[in-house]
Structures are given as structure tokens and as C-alpha cells.
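Protein sequence lines, in the order shown, are assigned to chains A and B. Positions in the first sequence are counted from 1; adding 10 to them yields our numbering. Positions in the second sequence are counted from 1; adding 103 to them yields our numbering. Glycine included, every Cβ here is placed at the ideal spot set by N, Cα and C.
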Amino acid sequence: QKEVEQNSGPLSVPEGAIASLNCTYSDRVSQSFFWYRQYSGKSPELIMSIYSNGDKEDGRFTAQLNKASQYVSLLIRDSQPSDSATYLCAVNKVGNTPLVFGKGTRLSVIA
Amino acid sequence: KAGVTQTPRYLIKTRGQQVTLSCSPISGHRSVSWYQQTPGQGLQFLFEYFSETQRNKGNFPGRFSGRQFSNSRSEMNVSTLELGDSALYLCASSGGSDREQFFGPGTRLTVL
Numbered sequence: 011q012k013e014v015e016q017n018s019g020p021l022s023v024p025e026g027a028i029a030s031l032n033c034t035y036s037d038r039v040s041q042s043f044f045w046y047r048q049y050s051g052k053s054p055e056l057i058m059s060i061y062s063n064g065d066k067e068d069g070r071f072t073a074q075l076n077k078a079s080q081y082v083s084l085l086i087r088d089s090q091p092s093d094s095a096t097y098l099c100a101v102n103k104v105g106n107t108p109l110v111f112g113k114g115t116r117l118s119v120i121a
Numbered sequence: 104k105a106g107v108t109q110t111p112r113y114l115i116k117t118r119g120q121q122v123t124l125s126c127s128p129i130s131g132h133r134s135v136s137w138y139q140q141t142p143g144q145g146l147q148f149l150f151e152y153f154s155e156t157q158r159n160k161g162n163f164p165g166r167f168s169g170r171q172f173s174n175s176r177s178e179m180n181v182s183t184l185e186l187g188d189s190a191l192y193l194c195a196s197s198g199g200s201d202r203e204q205f206f207g208p209g210t211r212l213t214v215l
């Protein structure tokens with residue numbers, strides 16, 4: 011089982027819709043969870059961090075964490091064509107261990 | 104605050120050569136991590152330095168090495184380059200226990 015799994019996509023949504031991106035992780039002791047956005051040819055950009063169960067909202071983005079089920083998701087409301095990118099989920103297990111990244115989900119927002 | 108900077112941005116080398124990449128973290132950040140990104144393998148962790156000490160190491164051969172200086176700037180070196188080393192090399196800096204990492208623009212290495 012991979013440590014961090016994401017559906018590779020592409021996930022296609024129409025402009026204005028809600029995009030839902032999911033990530034599961036294998037290690038129950040994982041503590042910190044991150045979502046990065048990466049445009050083609052660019053480096054990853056941190057868009058959300060979440061550490062506790064529940065929802066965390068930042069503008070059009072909402073991260074949801076469920077440690078019991080070992081998944082973290084990212085919702086993008088009112089999706090825009092500029093949201094078209096690859097979204098990477100990253101997980102930190104304990105303390106100063108390295109982040110483990112999923113392979114990313116490619117999102118395409120259709121105008 | 105200035106972001107993470109990496110130099111050079113692009114490099115073309117031939118097999119057997121060696122290369123050194125540089126990363127300057129966000130001011131005040133003491134942790135620098137290096138990653139290799141390829142289309143097939145995604146982001147793979149190379150190593151992390153904190154206060155001039157290697158804190159974590161990924162599963163890469165010994166041809167890949169790094170170091171960190173007292174000002175937190177970091178370099179990574181790849182010796183005896185192979186075609187498979189062609190990739191985007193990213194560094195990320197982190198400043199706190201929350202483990203949030205901020206990436207530089209990357210160095211795209213092409214090995215011919």
C-alpha cells in the first residue's frame with residue numbers, strides 16, 4: 011500500500027462548480043497534512059495546511075481531515091479555469107520526519 | 104520576505120559529469136529539503152538539512168549528496184551523472200515545527 015494515495019485524474023469540472031480532491035494515507039500516526047498546487051512547469055505552492063480533524067476554510071478552499079478514516083480532502087468552490095493544475099497532497103508522520111507526497115491529481119476546470 | 108531561490112534555473116550536462124545546485128531558503132528558515140521530480144515518479148525526497156546537519160535522507164544512491172552552510176544556504180551535488188538524473192530538482196525551506204514547506208522555483212537538469 012502506498013503511503014499517500016491520490017487519484018491521478020484528470021478530474022474535469024465545469025467553471026463555477028465545486029471540485030473535490032481526495033487523498034488517503036496509510037500511517038495512523040500522521041499528524042500534519044498539506045495541499046500544494048502545481049501549475050505545469052512550475053514548482054509546488056502551498057495552499058492549505060490542516061492538523062486537526064474537521065474542516066478548515068480559506069477563501070474558496072476548504073480542507074477536510076478525518077484521521078479515523080485516514081483521509082484528507084480539498085474542496086474548491088466556484089472553480090475557475092485558473093484553478094486548472096495538479097494538486098499534491100503531503101503528509102508528515104511524526105515530528106521532523108520528511109513529508110511524504112502523493113503523486114497528485116490533475117484538475118481541469120472547463121470554461 | 105523574499106522566497107526560496109534556486110540557482111541555476113536550467114542546466115544541461117552530459118553523462119559522467121557532475122553538477123552542483125544551490126538553494127537559499129527564506130530568511131530565518133533553518134531547514135532545507137531537496138526533492139527530485141520526474142513525470143513518472145512524482146516528488147521524491149532526497150535529503151533534509153537542519154542547522155548544517157543532515158536530518159533525513161531518502162533512498163537515493165551515494166552519487167547524490169548535499170550540505171548546508173552556517174547561513175542556511177544549501178547545495179546538492181550529483182556526481183557521475185546518468186540519463187535518468189534528468190529531472191526538476193526542487194528545494195523547500197521550513198521555519199517551524201509545523202513542517203510547512205515552501206518551494207523554490209526549481210532547477211531543471213537535462214543530462215544528455
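- Between Phe44 (chain A) and Leu85 (chain A) the beta-carbon gap is near 15 Å, outside 8 Å, which marks them as no contact.
- DSSP places Ser92 (chain A) within a helical segment (H, G or I) once states are collapsed to three.
- Judged by DSSP in its simplified three-state form, Leu21 (chain A) adopts strand.
- In this chain, the beta strand (DSSP E) harbouring Asn32 (chain A) covers 29-35.
- The beta carbon of Arg202 (chain B) falls within 8 Å of a beta carbon belonging to chain A, placing the residue at that interface.
- Comparing alpha-carbon positions, the option among A:Thr72, A:Gln90, A:Ser89 lying closest to Ser83 (chain A) turns out to be A:Thr72.
- Among the bridge pairs identified by DSSP, Asn102 (chain A) is matched with A:Ser42, A:Leu109.
- In this structure, Thr213 (chain B) lies away from Gln109 (chain B), with their beta-carbon atoms at least 8 Å apart.
- Looking at the DSSP output, Val181 (chain B) bridges to B:Val122, B:Phe167.
- By the neighbour-count criterion, in which 16 or more other beta carbons inside 10 Å mark a residue as buried, Asp188 (chain B) falls on the buried side.
- In chain A, no part has a C-beta under 7 Å from the C-beta of Pro128 (chain B); the shortest such distance is about 14 Å.
- For Pro208 (chain B), the closest Cβ of chain A is nearer than 8 Å.
- Here the alpha carbons of Ser173 (chain B) and Ala95 (chain A) stand approximately 36 Å from one another.
- Cβ contact annotation for Leu186 (chain B) (same chain, cutoff 6 Å, sequence separation greater than five): Val214, in chain order.
- Near chain B, meaning a CB-to-CB distance below 9 Å, the residues of the region 76-110 of chain A are Leu98, Ala100, Asn102, Gly105, Asn106, Thr107, Pro108, Leu109, Val110.
- Counting only the Cα atoms, Tyr46 (chain A) lies some 12 Å from Lys52 (chain A).
- If you draw a straight line from the Cα of Ser22 (chain A) to the Cα of Leu117 (chain A), it comes to about 6 Å.
- Interface with chain B (8 Å Cβ-Cβ cutoff): Leu56 (chain A) is included.
- For the 8 Å CB-CB criterion, Glu155 (chain B) and Gly169 (chain B) do not form a contact.
- Listed along the chain, the chain B residues whose CB falls inside 9 Å of the CB of Phe44 (chain A) are Arg202, Glu203, Gln204.
- Taking 8 Å as the CB threshold, Gly114 (chain A) lines the interface with chain B.
- Not flagged as an interface residue toward chain A: Gly198 (chain B), since no C-beta distance is shorter than 8 Å.
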